[in-house]
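Residues in the sequence shown are numbered consecutively from 1, following full-length UniProt numbering. Notes follow the structure.
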Amino acid sequence: NPVSQAVRNRGIIPRAVEELFKGAKQSIADGTHETKITCSYMEIYNERLHDLLQPYKTDWIRDPNDMVQRKAGLELREDRKGRITIPEMTEVTVSNAPAILALIAKGNKNRNVRQTEMNEHSSRSHTILQLQVEQRAIDDGAGTLVKSKMNLVDLAGSERWSNTCVMEDERIGEMNSINKSLSTLASVIAALSSKVIRTHIPYRDSKLTH
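So this is what it looks like as structure tokens:
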């Protein structure tokens with residue numbers, strides 16, 4: 001059955017968002033919480049952060065043909081409590097799983113992809129689907145508010161230098177950026193999992209881990 005096969009082959013994002021809304025629906029049915037869920041979708045390309053849910057900047061003056069520069073750029077900020085924020089990031093309130101999947105489909109049209117030797121549509125960027133959940137208690141009399149955040153990351157694949165093909169400068173830059181960010185991620189994971197207490201963890205070495 002092709003339909004049941006497609007259901008079984010769903011990736012982690014469709015399954016995760018379905019479970020998220022299932023839990024939210026259950027809490028409403030139980031009369032315990034009101035839930036608000038917002039969705040953002042962004043990419044990290046060449047260490048630049050882009051909002052995939054924003055339209056292109058058609059009036060960009062430096063190079064109107066440069067689609068990378070024309071993308072809606074985002075900047076990381078640190079608030080007074082040391083938390084990393086992205087002030088201008090688009091946040092869309094969603095009420096069901098299909099709404100999130102529709103936003104992903106919209107954002108994917110803006111992703112940086114390139115044909116490589118191994119993949120006709122190889123992703124040249126990391127993407128981050130960020131879901132923010134606010135749950136307000138309606139059964140404790142105080143209206144306690146709990147905020148949660150979930151990041152689902154699709155990493156670009158690492159790439160090796162090939163002596164058998166000629167690479168454009170742009171592709172070389174992409175390859176170096178991807179490999180550097182993946183290396184930084186590996187270093188952060190190694191530092192966090194080490195039994196030796198470390199005074200420095202290289203979060204800021206890449207936008208991916210910042």
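The beta carbon of each residue, even a glycine, is placed where N, CA and C say it ideally should be.
Asked                                                                                                                                                               : Found
When we look at the beta-carbon of VAL94 and count the other beta-carbons within 10 Å, is it buried (16 or more) or exposed?                                        : buried
In the DSSP output, what is ILE37 paired with across the bridge?                                                                                                    : VAL94, VAL133
Candidates ASN179, ALA142, MET89: which alpha carbon is nearest GLN130's?                                                                                           : MET89
Going by CA-CA distance only, name the one from SER27, LYS36, GLY23, THR32 that's closest to GLN139.                                                                : The residue you asked about is not Gln; residue 139 is Asp in the sequence shown. Considering only alpha carbons, the answer is THR32.
For ASP205, which residues from the same chain have a beta carbon less than 7 Å from its beta carbon, with the 5 sequence-adjacent residues on both sides left out? : THR184
To the nearest angstrom, how far is the alpha carbon of SER194 from that of LEU103?                                                                                 : 38 Å
Could you check the C-alpha separation between ASN176 and PRO87 for me, to the nearest Å?                                                                           : 28 Å
Nearest-angstrom Cα distance between ARG111 and THR35?                                                                                                              : 30 Å
In this structure, does DSSP put ASP139 in helix, strand or coil?                                                                                                   : coil
Which residue wins for smallest C-alpha separation from ALA186, given the options LEU208, ILE172, GLU174?                                                           : LEU208
At the level of alpha carbons, what is the spacing between ASN119 and GLU43?                                                                                        : Only weak support is given to the placement of ASN119: the predicted model assigns it a pLDDT of 47, under 50, and the question is left unresolved by the model.
Measuring CB to CB, does ILE189 end up less than 8 Å from SER158?                                                                                                   : no
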